Amino acid sequence: MSVTPHGLNAQRHAHRPLLWPLVALVAVLLACSSPGGYYKDDGPGDNPPPNLAVIPDATPRLESLHRFANRPYAVFGRDYVPATTLRPYKERGIASWYGRKFHNSKTATGETYDMYGMTAAHPTLPLPSYARVTNVATGQSVIVRVNDRGPFHPGRVIDLSFTAAYRLGIAQKGSGEVDVESILPAAAPPVVATTPLPLVAAVDAAPAAAVPIGQEAGGYVVQLGAFANNANAQNFVNHLANQTTGAAVEAKVRQIDGLFRVFVGPYPTRDDARRALDGLRDTAGLEGTVKAPSFAP
127 MSVTPHGLNA
137 QRHAHRPLLW
147 PLVALVAVLL
157 ACSSPGGYYK
167 DDGPGDNPPP
177 NLAVIPDATP
187 RLESLHRFAN
197 RPYAVFGRDY
207 VPATTLRPYK
217 ERGIASWYGR
227 KFHNSKTATG
237 ETYDMYGMTA
247 AHPTLPLPSY
257 ARVTNVATGQ
267 SVIVRVNDRG
277 PFHPGRVIDL
287 SFTAAYRLGI
297 AQKGSGEVDV
307 ESILPAAAPP
317 VVATTPLPLV
327 AAVDAAPAAA
337 VPIGQEAGGY
347 VVQLGAFANN
357 ANAQNFVNHL
367 ANQTTGAAVE
377 AKVRQIDGLF
387 RVFVGPYPTR
397 DDARRALDGL
407 RDTAGLEGTV
417 KAPSFAP
């Protein structure tokens, strides 16, 4: 399902095609094709703060993921599926930045973009989340809070605020090669979007009841997802069944701490559960988390 992202800056990324004419899309394409790292007609502010070099990194903390900004979406004919949980991520590519043209405009999360803050835009990292960005040439690193979508230029992996780019030493030339690595707040439990998407087509029959805690036999399990309501969880189970034909994925639902958690198992030992997860990755491209017998979140 192709879904346009919610609340993104339409002028920068053509994220609101229903509200903007085709000429806006053409303008964005031309901007993305222009030389340099930032966008056409953009640039640094006229009166930047004098302390740019010492503006502190963003401070990672556990936050609830945005209800709408993590929906799958399509831009320029390409589909993007954002992560809906915090998980390890690392990528190398070109970073660019955006400045005064978008200063005080709305980000994908509905916040006001501050070009002098330590923020960034990424196509698929969960919003909001945190990442360490390292200049490959110099080893200089910054920590940013990711709260927007983009860039959508081939080869570019992240759009930085002006200050983040300045501190990395790439503001003047406009772009630079970087490593992007997600930061997971210490000892944080898995975080899921309040309303995980996409939903598969609703089933005709009424959703099956979730397994109450303590009713399932003990053993380690592999959690594949967590949802705000049972219907969404059951739809995900049906989706798994359709997508994993031949992989013998028998998913179940259990309600814990207000979330309906989809899992497979149980398995006698943690190693057995890990091997099962490895098999799911190899055969079906699924990701999950091994949970202890108590299934504590």
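In terms of the numbering used here, the sequence shown is numbered consecutively and its last residue is 423. A virtual CB, placed ideally from N, CA and C, is assigned to each residue, including glycine. Since the structure is predicted, the reported quantities are computational estimates derived from the model, not experimental observations.
Which class does R380 belong to by DSSP, given the choice of helix, strand or coil?
As a position in the sequence shown, residue 380 is number 254, starting the count at 1. Of the three classes helix, strand and coil, the one that applies to R380 here is strand, per DSSP.
Below 8 Å between beta carbons: does that hold for E217 and V306?
Within the sequence shown, the letter at position 91 stands for residue 217. Within the sequence shown, the letter at position 180 stands for residue 306. Against a cut-off of 8 Å, the Cβ pair of V306 and E217 comes out as a contact.
Could you name the residues of the same chain whose beta carbon sits closer than 7 Å to that of Y164, not counting the 5 residues immediately before and after it, in chain order?
For the purposes of this step, residue 164 is taken as residue 38 along the sequence shown, with counting starting at 1. Below a pLDDT of 50, predicted positions are generally treated as unreliable, and Y164, at 45, falls in that range; the measurement from the model is reported next regardless. These residues qualify, in order along the chain: S222, W223, Y224, G225 and G300.
In three-state terms, what does DSSP make of R293?
If you number the sequence shown from 1, residue 293 lands on position 167. If DSSP states are grouped into helix, strand and coil, R293 belongs with the helices.
Can you confirm whether the stretch 192–205 touches the stretch 399–410 when touching is taken to mean that 3 or more C-beta pairs between the two stretches lie within less than 8 Å?
Of all C-beta pairs linking the stretch 399–410 to the stretch 192–205, fewer than three are shorter than 8 Å, placing the two stretches out of contact.
When the distance is taken between beta carbons, is V379 closer than 8 Å to A359?
The residue you call residue 359 lines up with position 233 of the sequence shown. The residue you call residue 379 lines up with position 253 of the sequence shown. Yes, these two residues count as a Cβ contact at 8 Å.
Would you mind giving the Cβ-Cβ distance between A247 and G276, rounded to the nearest angstrom? I have them listed as a contact below 8 Å.
Mapped onto the sequence shown, residue 247 falls at position 121. Mapped onto the sequence shown, residue 276 falls at position 150. Between G276 and A247 the Cβ distance is about 4 Å, and since that is below 8 Å, they are a contact.
So E307 is in the beta strand (DSSP E); what residue range does that whole segment cover?
Stepping through the sequence shown from its first residue, residue 307 is reached at position 181. Segment G302 to I309, the beta strand (DSSP E) holding E307.
Roughly how many angstroms lie between the CA atoms of F288 and V388, to the nearest whole one?
The residue labelled residue 288 in the question sits at position 162 within the sequence shown. The residue labelled residue 388 in the question sits at position 262 within the sequence shown. Between F288 and V388, the C-alpha separation is close to 41 Å.
Assuming N261 contacts L294 under a Cβ cut-off of 8 Å, what Cβ separation, rounded to an integer in Å, is found between them?
Mapped onto the sequence shown, residue 261 falls at position 135. Mapped onto the sequence shown, residue 294 falls at position 168. That belief holds up - the Cβ atoms of N261 and L294 are roughly 5 Å apart, short of 8 Å.
Can you find the residues in the same chain that come closer than 7 Å, C-beta to C-beta, to A153, ignoring five residues on each side of it along the sequence?
Counting from 1 along the sequence shown, the entry for residue 153 is found at position 27. Residue confidence for A153 is low, a pLDDT of 34 falling below 50, so the modelled location carries little weight and cannot support an answer.
Is V416 helix, strand or coil when you go by DSSP?
Counting from one through the sequence shown, the residue named residue 416 turns up at place 290. Looking at V416 - three-state DSSP - the assignment turns out to be strand.
Apart from the five residues on each side of it in sequence, which residues of its chain come closer than 7 Å, Cβ to Cβ, to V268?
Here residue 268 refers to the residue found at position 142 when the sequence shown is read from its first residue. Same-chain partners within the cutoff: D183, M244, V259, A290, R293 and L294.
Please determine whether the Cβ atom of Y206 lies at a distance below 7 Å from any heavy atom of the ligand NAD.
Among the components modelled here there is no ligand, and therefore nothing to report on the ligand NAD.
Give me whichever residues DSSP pairs with K269 in a beta bridge.
The residue given as residue 269 occupies position 143 in the sequence shown. For clarity, residue 269 is Ile in the given sequence; the question names Lys instead. Answer is R258, bridged to I269.
Using 10 angstroms around the beta-carbon of V304, count the other beta-carbons present and answer buried if the total reaches 16, otherwise exposed.
To locate residue 304, count along the sequence shown from 1; it is residue 178. Label assigned to V304: buried.
Taking only the alpha-carbon atoms, compute the straight-line gap between S190 and K417 and give it to the nearest angstrom.
Working through the sequence shown from its first residue, we reach residue 190 at position 64. Working through the sequence shown from its first residue, we reach residue 417 at position 291. C-alpha separation (whole angstroms): 21 Å.
Indicate whether T250 and P186 have their beta-carbon atoms separated by less than 8 Å.
As a position in the sequence shown, residue 250 is number 124, starting the count at 1. As a position in the sequence shown, residue 186 is number 60, starting the count at 1. Result no, Cβ atoms of T250 and P186 do not sit closer than 8 Å.
Please report the straight-line C-alpha distance between R407 and Y346, rounded to a whole angstrom.
Position 281 of the sequence shown holds residue 407. Position 220 of the sequence shown holds residue 346. Within the model, the alpha-carbon separation for R407 versus Y346 is close to 17 Å.
Can you tell me which of P311, I296, P280 and H279 puts its alpha carbon nearest to the alpha carbon of R271?
Working through the sequence shown from its first residue, we reach residue 271 at position 145. Ranking the options by Cα distance to R271, first place goes to P311.
Which complete alpha helix (DSSP H) runs does the stretch 388–413 hold, if anything under 4 residues is left out?
396–410
May I have a chain-ordered list of the beta strand (DSSP E) segments no shorter than 3 residues that lie completely inside the stretch 210–254?
When DSSP assignments are scanned along the stretch 210–254, the uninterrupted stretches of beta strand (DSSP E) that are 3 or more residues long and fall wholly within it turn out to be 216–224 and 245–247.
Can you tell me whether DSSP reads V283 as helix, strand or coil?
By one-based count along the sequence shown, residue 283 stands at place 157. Correct three-state label for V283: strand.
Member of T415, F194 and I284 whose CA lies at the smallest distance from the CA of A234:
Mapped onto the sequence shown, residue 234 falls at position 108. Ranking T415, F194 and I284 by Cα distance to A234 puts F194 first.
P280 versus R204, A257, L286 and L385, residue with shortest Cα-Cα distance:
Position 154 of the sequence shown, counting from 1, holds the residue named residue 280. Of the candidates R204, A257, L286 and L385, the one whose C-alpha sits nearest the C-alpha of P280 is R204.
Integer-rounded CB distance, given that P254 should sit under 8 Å from T210
In the sequence shown, residue 210 corresponds to position 84, counting from 1. In the sequence shown, residue 254 corresponds to position 128, counting from 1. In fact, because the Cβ distance is near 13 Å, the residues do not count as touching under 8 Å.
Indicate the three-state DSSP secondary structure (helix, strand or coil) for L188 in the structure shown.
Walking along the sequence shown from the start, residue 188 turns up at place 62. Reduced to three states, the DSSP call for L188 is coil.
Helix, strand or coil: which one does DSSP assign to Q360?
Counting from one through the sequence shown, the residue named residue 360 turns up at place 234. Three-state DSSP puts Q360 in a helix.
As assigned by DSSP and simplified to three states, the class of V348:
Taking the sequence shown and counting its residues from 1, one reaches residue 348 at position 222. In this structure, V348 counts as strand in the three-state DSSP scheme.
Just the C-alpha distance for F424 and I309, rounded to the nearest angstrom, thanks.
As displayed, the chain neither begins before 127 nor continues past 423, which places residue 424 out of reach and without an answer.
Is it the case that the Cβ atoms of F228 and Y242 are separated by a distance below 8 Å?
Mapped onto the sequence shown, residue 228 falls at position 102. Mapped onto the sequence shown, residue 242 falls at position 116. Taking 8 Å as the Cβ cut-off, F228 and Y242 do not qualify as a contacting pair.
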